[in-house]
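Below is one structure, written out as structure tokens, with a few remarks after it.
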Amino acid sequence: MVTMVGTERGQRPERRRLRMPSAQTWETVIGIGYLVLGTNAMLLVGALPLVVLLVSTDPVTSWPALLGAGVLATPALTAGFAVFTHYSRTHGTEVIRTFWRSWAAHLRRSLAVGLLWTTTAVVLVVDVLALWGATLGAVLTPVFVVLFLLATATALLALVASVERPDARLRDVLRASLYLGLRRWYLTAVSFLVLGLLGGTLRDPPGPRRRAGRDPAAVRRVGELPLHAQTGAAPGIVAPDVGTSASAPSPARVRIRFRRWNPRLAARTGTPMTDVGSHEVWQTGRAVAAVRRGRATSAPTLGGQEASASSGVRVTSGWVRPIDRAR
Numbered sequence: 130m131v132t133m134v135g136t137e138r139g140q141r142p143e144r145r146r147l148r149m150p151s152a153q154t155w156e157t158v159i160g161i162g163y164l165v166l167g168t169n170a171m172l173l174v175g176a177l178p179l180v181v182l183l184v185s186t187d188p189v190t191s192w193p194a195l196l197g198a199g200v201l202a203t204p205a206l207t208a209g210f211a212v213f214t215h216y217s218r219t220h221g222t223e224v225i226r227t228f229w230r231s232w233a234a235h236l237r238r239s240l241a242v243g244l245l246w247t248t249t250a251v252v253l254v255v256d257v258l259a260l261w262g263a264t265l266g267a268v269l270t271p272v273f274v275v276l277f278l279l280a281t282a283t284a285l286l287a288l289v290a291s292v293e294r295p296d297a298r299l300r301d302v303l304r305a306s307l308y309l310g311l312r313r314w315y316l317t318a319v320s321f322l323v324l325g326l327l328g329g330t331l332r333d334p335p336g337p338r339r340r341a342g343r344d345p346a347a348v349r350r351v352g353e354l355p356l357h358a359q360t361g362a363a364p365g366i367v368a369p370d371v372g373t374s375a376s377a378p379s380p381a382r383v384r385i386r387f388r389r390w391n392p393r394l395a396a397r398t399g400t401p402m403t404d405v406g407s408h409e410v411w412q413t414g415r416a417v418a419a420v421r422r423g424r425a426t427s428a429p430t431l432g433g434q435e436a437s438a439s440s441g442v443r444v445t446s447g448w449v450r451p452i453d454r455a456r
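In this note's numbering, the protein residues as written are 130 to 456.
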């Protein structure tokens, strides 16, 4: 590219050629790109069990396995910090060799830090769940949240400090990391913001939406759903219709739970409803057909008795999962 430079009257304009990036600049850019991509690839390999569990399981039910895989993935995170530390000191881009050497060198300390953080997180979460809904829980829950954030910041800084000072004792590293996280609280807040954005990206990745039937995030909780007469069904047969209440796309798979009014139970225990069964149904538009052993029937069967208008059965809870097509 060229630029026109103004000159005095009667002189021809001078053309000045813009400077192109030097070879050293291109080498730096390519080196940083390789550093980032290579480190991410090594992190993926080092945390492969955790990634597989996150992709293939439901975190609500598989959280014990996720915690164990998270502890095993901690050395990979330390090795990633070591790669960037090595680059800042020497500008070297030996990603693979530096990563796995650091992984082996800091294995024991990284596992110890990961285990300490996991234990602390489990204790705090259990305390929050145990006090949820109580008066004491409203007071202590913010304290537990702050302690969880401090534990997370301390663990991350301890992994970085272990790379900087591998000869320091773990107790001293944890104490210094906690102090640094509190002293530079604004940097800690920025770190949590970045982690939150990363977590949101992993939960809802950008780009075209996945097919609803295979998207665990498409599961929606539904509240109390009344039974009503199904269009086109036999007289007296009722089936749940969650099309309006749950705002479910069509078609959808619906898991419902049936409960029946029990006067004796209400008088004795104060709990008026008793569980009588649950079923999965396929919804196509407004019509609902119950599924039993993979075959559609006209209405849900609960212990040999069909839900009818006079049975007092009501749908009280369940979930809606969109599917590719109705069966």
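All residues carry an ideal CB built from backbone N, CA and C; glycine is no exception.
Collapsed DSSP secondary structure at residue i in the structure displayed
{"i": "W229", "result": "helix"}
{"i": "S185", "result": "helix"}
{"i": "L316", "result": "helix"}
{"i": "P150", "result": "coil"}
{"i": "A211", "result": "helix"}
{"i": "G221", "result": "coil"}
{"i": "G262", "result": "coil"}
{"i": "A176", "result": "coil"}
{"i": "P193", "result": "helix"}
{"i": "A297", "result": "coil"}
{"i": "V274", "result": "helix"}
Between the CA atoms of residue j and residue i - distance to the nearest angstrom
{"i": "G160", "j": "T222", "result": "6 angstroms"}
{"i": "A241", "j": "A198", "result": "14 angstroms"}
{"i": "L164", "j": "V224", "result": "6 angstroms"}
{"i": "T264", "j": "V272", "result": "14 angstroms"}
{"i": "A233", "j": "T207", "result": "10 angstroms"}
{"i": "Y308", "j": "S151", "result": "43 angstroms"}
{"i": "L173", "j": "G162", "result": "17 angstroms"}
{"i": "V184", "j": "P178", "result": "10 angstroms"}
{"i": "W229", "j": "A176", "result": "13 angstroms"}
{"i": "R298", "j": "V200", "result": "20 angstroms"}
{"i": "R304", "j": "D296", "result": "15 angstroms"}
{"i": "S320", "j": "T168", "result": "19 angstroms"}
{"i": "P188", "j": "G262", "result": "23 angstroms"}
{"i": "V186", "j": "L327", "result": "The question names Val, yet the displayed sequence has Thr at residue 186. Near 19 angstroms, if we compare the C-alpha coordinates of L327 and T186."}
{"i": "R294", "j": "L182", "result": "33 angstroms"}
{"i": "L322", "j": "R313", "result": "15 angstroms"}
{"i": "T190", "j": "V180", "result": "16 angstroms"}
{"i": "L324", "j": "Q153", "result": "33 angstroms"}
{"i": "Y315", "j": "R218", "result": "25 angstroms"}
Best match in the options for proximity to residue i [C-alpha to C-alpha]
{"i": "V158", "options": "H220, V323 and R313", "result": "H220"}
{"i": "G243", "options": "L196, V302, V184 and A297", "result": "L196"}
{"i": "F210", "options": "L201, D187, H235 and D296", "result": "H235"}
{"i": "P193", "options": "A176, T248, A305 and S320", "result": "T248"}
{"i": "L278", "options": "A297, G262, R298 and V254", "result": "V254"}
Per-residue burial, residue i [other beta carbons within 10 Å of its own, 16 or more giving buried]
{"i": "V212", "result": "buried"}
{"i": "W155", "result": "exposed"}
{"i": "V268", "result": "exposed"}
{"i": "V292", "result": "buried"}
{"i": "L311", "result": "exposed"}
{"i": "V302", "result": "buried"}
{"i": "V274", "result": "exposed"}
{"i": "R148", "result": "exposed"}
{"i": "L286", "result": "buried"}
{"i": "S306", "result": "buried"}
{"i": "T317", "result": "buried"}
{"i": "A170", "result": "exposed"}
Within 8 angstroms, strictly: CB atoms of residue i and residue j
{"i": "W246", "j": "A284", "result": "yes"}
{"i": "H215", "j": "T227", "result": "yes"}
{"i": "S231", "j": "L288", "result": "no"}
{"i": "A250", "j": "A282", "result": "no"}
{"i": "T270", "j": "L258", "result": "no"}
Closer than 8 angstroms to chain D by CB, residue i
{"i": "L164", "result": "Of the protein chains in this structure there is only one, and it is not chain D."}
Proximity test, residue i beta-carbon vs the ligand COA heavy atom, cut-off 7 angstroms
{"i": "V274", "result": "As far as ligands go, the structure on display features none, and thus does not contain the ligand COA."}
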